[in-house]
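If you count by mature numbering (1 follows the signal peptide of the UniProt record, and there is no 0), then the sequence shown holds residues -22 to -1, 1 to 357, one letter each, in order.
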Amino acid sequence: MTKMRFLALAVFAASYPVTALAFDDQPTAELQALDDALPGSLINDPTRLDWQIFGTGQTSKPVKGEDIPGGKAALQITVPKAGATLFEVGANAPITTSIKAGTDIVVAFYARTVSADTSDGKGRIGVRVQQNIAPYSGFGDTTLVIDKDWKLYEVSAKATSSISRGQAVVGFQLAGAKQVLEIGQTIVVAGATSLTAKSTKAVQSATTDLLPQLQGKGRLINNPSNKDWPVYGPGATHMTIASPNIPGTGGTALRVTTSAPAAQPYDVGAAIPILEEVKEDDILLIGVLARTAPGGSGDGTSKLGIRVQLNEAPYSGFGDNVLTLGPNWKLLQLKTQASTTIAAGKGAVALHFGAAAQAIEVGQVYVLNTSGPIAVTNE
């Protein structure tokens, strides 16, 4: 697998995540930092270049260099002749989530022309977002002229159809000329119309409603300031503690202490009410500010289970995951796709504390629906 170092964050920050889908793996610190800085939600892994390359006669190889912007790595693709259609030779960069019709999508990527048999010596790349199985439906078809020097290119479009998770790709169509092209770091975002437009984020205090990392990423469908959560389970104690200097806690946090592992992690838990309806296939972004409480475990780590569920029998749900917490406050962001519809006022984010003898502190919990209209503030 071709893996690049992640260096694009400064560029974007300065210039301005089928059937039930479980929470994506916790992103690396670098990817989380990028997602925090971008408008909308990151829906690909920009550090990967192990893309599907296809087409008769084409050859490809990874290249590295200090002069390559973004991750100092790229794919060099040689197209031996112009095709009858642009898509006879191509590269497909995977998208990690489903796409819902009506969603704004932005594709930004670095590229340059090494050589091209064209009148101006510049290469041609067609870009579209598409389903990677027949009938290969897609949207956003744009043909770009690629300069000889490295440059950031951006294509934006509104999804005209829905694409299931595991089937969506960014298709780079390369048969527009006999040419040698290099394509570098590629970033795909849902819920935004540009990555390079300037934006001003609000400074977060301990009591404001929404952390800057979450602004513009979706519609808030719970009340983060309400911490009157039902806490349940044998062998556990809980209390509200002051945390006035920690942004995102609302000035207080919930501490839950378990003296021994429960028979099941979910035997000790708390339920955070979801106020609005969640429809099947909606993509939710969950933000949880939490840490291992001081002295809460021998090594400073703890395990917090999480899922979205119906808050009454039979407690059906989706998105089960276990978060590893450290001794410092951290905002963990996770995406999940609803496998069923949950009526307004009937859903909850369930937190499970019973995995071990441990003490965990939880500040605000945010539930955002990224599939509907997004209220943008301080943008």
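Cβ coordinates follow ideal geometry from the N, Cα and C atoms, glycine included.
Span of the beta strand (DSSP E), counted from its first residue to its last, around P251:
Per DSSP, P251 is one residue of the beta strand (DSSP E) stretching across 247 to 252.
Is the beta carbon of S19 less than 7 Å from the beta carbon of G169?
Result yes, Cβ atoms of S19 and G169 sit closer than 7 Å.
Residue environment, V343, which counts as buried when at least 16 other CB atoms sit within 10 Å
Classification of V343: buried, given that the 10 Å Cβ count is 16 or more.
Looking at the strands, I want to know which residues DSSP matches up with L310.
V266.
Proximity of S221 and T215 at Cβ, strictly below 7 Å
For the 7 Å CB-CB criterion, S221 and T215 do not form a contact.
Identify the continuous beta strand (DSSP E) that holds N347 and give its terminal residues.
In the DSSP annotation of this structure, the continuous segment of the beta strand (DSSP E) that includes N347 starts and ends at 336 to 347.
For the segment 264 to 276 against the segment 301 to 314, do three or more pairs of beta-carbon atoms, one drawn from each stretch, fall closer than 8 Å, so that the two count as touching?
Contact check between the segment 264 to 276 and the segment 301 to 314: three or more CB pairs, one atom from each, fall below 8 Å, which counts as touching.
Applying the criterion that 16 or more other CB atoms from any shown protein chain within 10 Å of the CB defines a buried residue, is G104 buried or exposed?
Buried is the call here.
Give the straight-line distance between the Cα atoms of T91 and Q36, rounded to the nearest whole angstrom.
Looking at the two C-alpha atoms, the distance is approximately 16 Å.
Report the three-state DSSP secondary structure of Y114 (helix, strand or coil).
Looking at Y114 - three-state DSSP - the assignment turns out to be coil, as it is neither helix nor strand.
To the nearest angstrom, how far is it from the Cα of S237 to the Cα of I338?
The alpha-carbon separation between S237 and I338 amounts to approximately 12 Å.
Burial state of Y244 (16 or more Cβ within 10 Å)
Classification of Y244: buried, given that the 10 Å Cβ count is 16 or more.
Would A153 pass as a contact of V57 if the rule is Cβ separation under 7 Å?
Yes, these two residues count as a Cβ contact at 7 Å.
Measuring alpha carbon to alpha carbon, tell me which of S134, P190, T74, D45 ends up nearest Q109.
Ranked by Cα distance from Q109, the options S134, P190, T74, D45 are led by T74.
Coil, strand or helix - Q191 by DSSP:
Judged by DSSP in its simplified three-state form, Q191 adopts helix.
Alpha carbon to alpha carbon, how far is T186 from F331?
Confidence at T186 is low in this model, with a pLDDT of 40, below 50, so its placement is unreliable and no value can be given for it.
Where V345 and D125 are concerned, what is the direct C-alpha to C-alpha distance, given to the nearest angstrom?
Note on geometry: alpha-carbon atoms of V345 and D125 lie some 43 Å from one another.
Euclidean distance between Cα positions of A316 and I141:
It is roughly 15 Å from the alpha-carbon of A316 to the alpha-carbon of I141.
DSSP state of A(-13) mapped onto helix, strand, coil
With a pLDDT of 35 at A(-13), under the threshold of 50, the predicted position of this residue should be treated as unreliable, though the coordinate-derived value follows. The answer is helix: DSSP assigns A(-13) an H, G or I state.
Classify residue 360 as buried or exposed, calling it buried when 16 or more other Cβ atoms lie within 10 Å of its own Cβ.
Because residue 360 is not part of the residues shown, which for the chain are -22 to 357, the question remains open.
Any idea what DSSP makes of L64, helix, strand or coil?
Reduced to three states, the DSSP call for L64 is helix.
Exposed or buried, what is A79 when buried is set at 16 or more other beta-carbons lying within 10 Å of its beta-carbon?
Exposed, because fewer than 16 other Cβ atoms sit within 10 Å of the Cβ of A79.
For Y244, three-class secondary structure by DSSP
If DSSP states are grouped into helix, strand and coil, Y244 belongs with the helices.
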